[in-house]
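Please read the structure below before turning to the comments.
Protein chains in written order, with the working numbering: chain A, 1 to 114; chain B, 1001 to 1204.
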């Protein structure tokens, strides 16, 4: 019985004197948590940025400029201002008609086959 | 099973008017990137892990390393936690105890014949015995218990957990918990009685 009482006293003392979490251990634990939190969020951002290929071209601001320039180019192509020559006439002149005969090609072989 | 985390504000002296989030809610918040949740979990669960590790190992440095390791596993596991599966505290106690057992197995004392000869200035055997004597009587007795008995006694009589929760932590039946704690207490009483007899003999 005396042994039992002594044991209960020792248990009570142990409960009253539970060790306090040392400050430096708290710092270590919270540093681990923060590193884990950052590591977990970093791959997602990297994946998005890699998908867009933005890092190489200067980020989303550069992408915005590129989109605006492209839109302006398309609009000028559709509705060019009057003082600008139509670039299409340089490629497909509309006042000139080419005939196959103008090329002075020998077309005799076409007649032979008929 | 008793829900130790459902009333954390009472267990930690918080205000009853400001109900605190449960452990698994904080864990989910941490998993979604809330740094404050990690601090709250550290304040709430860190001391429990550290207290058990200290009693299991009887060594402050080792207990700190085990606690840090156990909490690290908690952070790693956070995104995969399934609410309702178990209590976070139960999971952490189990991890802490397993780490303690692993550590004790790794550092089992070498046979005397393998120990190096003592050099001048080295810690003498006498010093080691005196260090051991300085430990509190309960810790010295706990150190002599088999692992499972020591775990059950610490969780029941120092951490004051219920038998069903201890059963969940140790993955055994409630009856097995009762058996382990009863045998552990008998063994502790015998060790303490033997120690008292030794001291009585030494004092004449």
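By construction, the Cβ of each residue, glycine as well, lies at the ideal position given by its N, Cα and C atoms.
Minimum C-alpha distance to residue i - residue among the options
{"i": "residue 1151/B", "options": "1096/B, 1020/B, 1043/B", "result": "1096/B"}
{"i": "residue 1077/B", "options": "1089/B, 1136/B, 1027/B", "result": "1027/B"}
{"i": "residue 41/A", "options": "1063/B, 1167/B, 1079/B, 1160/B", "result": "1079/B"}
{"i": "residue 1139/B", "options": "1034/B, 1051/B, 1039/B", "result": "1051/B"}
{"i": "residue 20/A", "options": "1042/B, 1104/B, 1090/B, 1167/B", "result": "1042/B"}
{"i": "residue 1191/B", "options": "1065/B, 1137/B, 1048/B, 1071/B", "result": "1137/B"}
{"i": "residue 997/B", "options": "1101/B, 1035/B, 1032/B", "result": "Because chain B in this structure spans residues 1001 to 1204, residue 997/B falls outside the shown range and cannot be described."}
{"i": "residue 1025/B", "options": "1082/B, 1169/B, 1057/B", "result": "1082/B"}
{"i": "residue 1156/B", "options": "1036/B, 1178/B, 1186/B", "result": "1178/B"}
{"i": "residue 1160/B", "options": "11/A, 31/A, 71/A, 6/A", "result": "11/A"}
{"i": "residue 27/A", "options": "1040/B, 1198/B, 1032/B, 1034/B", "result": "1040/B"}
{"i": "residue 1148/B", "options": "1172/B, 1033/B, 1193/B", "result": "1172/B"}
With 16 other Cβ atoms within 10 Å as the buried cut-off, status of residue i
{"i": "residue 1023/B", "result": "buried"}
{"i": "residue 1184/B", "result": "buried"}
{"i": "residue 38/A", "result": "exposed"}
{"i": "residue 1084/B", "result": "exposed"}
{"i": "residue 1068/B", "result": "buried"}
{"i": "residue 9/A", "result": "exposed"}
{"i": "residue 1014/B", "result": "Unreliable positioning characterises residue 1014/B in this predicted model, as indicated by a pLDDT of 41, which lies under 50. The coordinate reading is nonetheless provided below. Residue 1014/B is exposed by the Cβ-count criterion."}
{"i": "residue 66/A", "result": "exposed"}
{"i": "residue 1182/B", "result": "exposed"}
{"i": "residue 1048/B", "result": "buried"}
{"i": "residue 1112/B", "result": "Caution applies to residue 1112/B, whose pLDDT of 49 falls short of 50 and renders its modelled position unreliable; the model cannot decide the point."}
{"i": "residue 1169/B", "result": "buried"}
{"i": "residue 29/A", "result": "buried"}
{"i": "residue 1115/B", "result": "Note on residue 1115/B: pLDDT 45, under 50, position unreliable in the model; no value is reported."}
{"i": "residue 1070/B", "result": "buried"}
{"i": "residue 1122/B", "result": "The predicted position of residue 1122/B is uncertain, since its pLDDT is 49 and thus under 50; a value taken from the coordinates is nonetheless stated next. Answer is exposed; the Cβ neighbour count stays below 16."}
{"i": "residue 1120/B", "result": "In this prediction, residue 1120/B scores a pLDDT of 47, lower than 50, which makes its location untrustworthy; no coordinate-derived value is stated."}
{"i": "residue 1117/B", "result": "Only weak support exists for where residue 1117/B lies, its pLDDT of 49 falling under 50; the coordinates are left without a value."}
{"i": "residue 13/A", "result": "exposed"}
{"i": "residue 78/A", "result": "exposed"}
Distance between beta carbons of residue j and residue i, contact taken as under 8 Å
{"i": "residue 15/A", "j": "residue 1158/B", "result": "6 Å"}
{"i": "residue 1145/B", "j": "residue 1099/B", "result": "So it is not a contact: roughly 18 Å between Cβ atoms."}
{"i": "residue 1055/B", "j": "residue 1142/B", "result": "6 Å"}
{"i": "residue 1103/B", "j": "residue 1074/B", "result": "Between residue 1074/B and residue 1103/B the Cβ distance is about 18 Å, and since that is not below 8 Å, they are no contact."}
{"i": "residue 1089/B", "j": "residue 1045/B", "result": "6 Å"}
{"i": "residue 1038/B", "j": "residue 1030/B", "result": "5 Å"}
{"i": "residue 1053/B", "j": "residue 1066/B", "result": "4 Å"}
What residues in the stretch 2-16 of chain A have a beta carbon less than 8 Å from any beta carbon of chain E?
-> Looking for chain E here will not work: the only protein chains present are A and B.
Could you pull out every unbroken alpha helix (DSSP H) segment of at least 4 residues lying fully inside the stretch 1048-1109 of chain B, listed in chain order?
-> 1060-1077, 1088-1106
Complete runs of the alpha helix (DSSP H) confined to the stretch 1139-1196 of chain B [at least 4 residues] = 1147-1153, 1163-1170
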